[in-house]
């Protein structure tokens with residue numbers, strides 16, 4: 194009887210916590226879109242969300258912790274979501290890679306200033322904070338590992354799915370880094386070249402590389 198009576202209260206409490214966390218994140222995103230990450234302050238975020246600083250610190254110890262939570266959520270939404278869809282909707286590895294890389298290209302090249310700010314902060318976290326960087330890289334590697342593991346029979350002899358995942362993540366991060374720091378950088382072309390390279394280098398059948406992936410885009 195006690196367990197039955199306390200479960201609804203616990204669930205409601207958790208829902209309220211989730212709703213407040215979402216309000217904090219939504220206000221932070223609005224501020225980032227308006228003035229950028231560097232100018233966003235905890236005080237402004239608290240004012241906009243209608244909460245006290247004490248309440249904020251019940252959820253996040255620092256501004257970085259909040260921003261990192263946003264980065265992880267966006268990363269999971271983009272990468273994990275596109276890979277999950279690729280595995281579910283497409284049969285071959287070239288088709289799956291095409292779906293994932295095309296989503297990445299659209300996100301970076303056609304994304305809003307907000308998304309570029311978050312991407313910039315994510316890349317900075319990899320370089321500036323070993324713990325944060327390791328977490329983001331682990332998430333990326335984990336999801337691309339799933340992609341290649343689901344198509345392991347299509348990989349060239351001698352290539353492990355772990356190696357393919359790590360190399361793919363490294364090359365994607367390089368494209369993002371260059372795009373964020375060089376306005377003249379042709380990220381769209383690099384993504385197309387990257388897709389062709391991945392298919393030509395990793396996929397067992399060479400004829401499934403540049404020609405067929407170009408037709409799929």
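Residue numbers (my numbering): 194 to 410. In this text, a Cβ means the ideal position worked out from N, Cα and C, and glycines have one as well.
Extent of the continuous alpha helix (DSSP H) run through residue i
| i | result |
| --- | --- |
| residue 247 | 246-250 |
| residue 286 | 286-302 |
| residue 238 | 235-242 |
| residue 411 | Only positions 194 to 410 of the chain appear in this structure, which leaves residue 411 out of reach. |
| residue 281 | 274-282 |
Helix, strand or coil at residue i according to DSSP, with G and I counted as helix
| i | result |
| --- | --- |
| residue 217 | helix |
| residue 204 | helix |
| residue 211 | helix |
| residue 232 | coil |
| residue 314 | helix |
| residue 271 | helix |
| residue 194 | Only weak support exists for where residue 194 lies, its pLDDT of 45 falling under 50; the value from the coordinates is given anyway. Residue 194 falls in the coil class under three-state DSSP. |
| residue 199 | Bear in mind that the predicted position of residue 199 carries a pLDDT of just 48, short of 50, making it unreliable; the figure below should be weighed with that in mind. If DSSP states are grouped into helix, strand and coil, residue 199 belongs with the helices. |
Worksheet item: If you scan the stretch 325-404 from start to end, which runs of the alpha helix (DSSP H) of 4 or more residues do you find wholly inside it?
Response: Entirely contained in the stretch 325-404, the alpha helix (DSSP H) runs reaching 4 residues are, in chain order, 354-374 and 380-395.
Worksheet item: Counting Cβ pairs closer than 8 angstroms, one from the stretch 283-300 and one from the stretch 231-244, do we hit at least three?
Response: Between the stretch 283-300 and the stretch 231-244, the count of C-beta pairs closer than 8 angstroms stays below three; the two stretches do not touch.
Discussion item. For the structure I just gave you, are there three or more beta carbon pairs, one from the stretch 337-346 and one from the stretch 374-391, closer than 8 angstroms?
Written reply: Contact check between the stretch 337-346 and the stretch 374-391: fewer than three CB pairs, one atom from each, fall below 8 angstroms, which does not count as touching.
Worksheet item: So does the stretch 328-339 actually touch the stretch 385-392, counting three or more Cβ pairs closer than 8 angstroms?
Response: No, they do not touch.
Worksheet item: Does the count of Cβ pairs from the stretch 250-257 and the stretch 266-276 closer than 8 angstroms reach three?
Response: With contact defined as three or more Cβ pairs closer than 8 angstroms, the stretch 250-257 and the stretch 266-276 are not in contact.
Fill in: the stretch 348-367 touching the stretch 259-269, judged by at least three CB pairs closer than 8 angstroms
Verdict: no, contact absent.
Worksheet item: Counting pairs of beta carbons, one from the stretch 218-225 and one from the stretch 306-317, are three or more of them closer than 8 angstroms?
Response: At 8 angstroms Cβ cutoff, the stretches touch.
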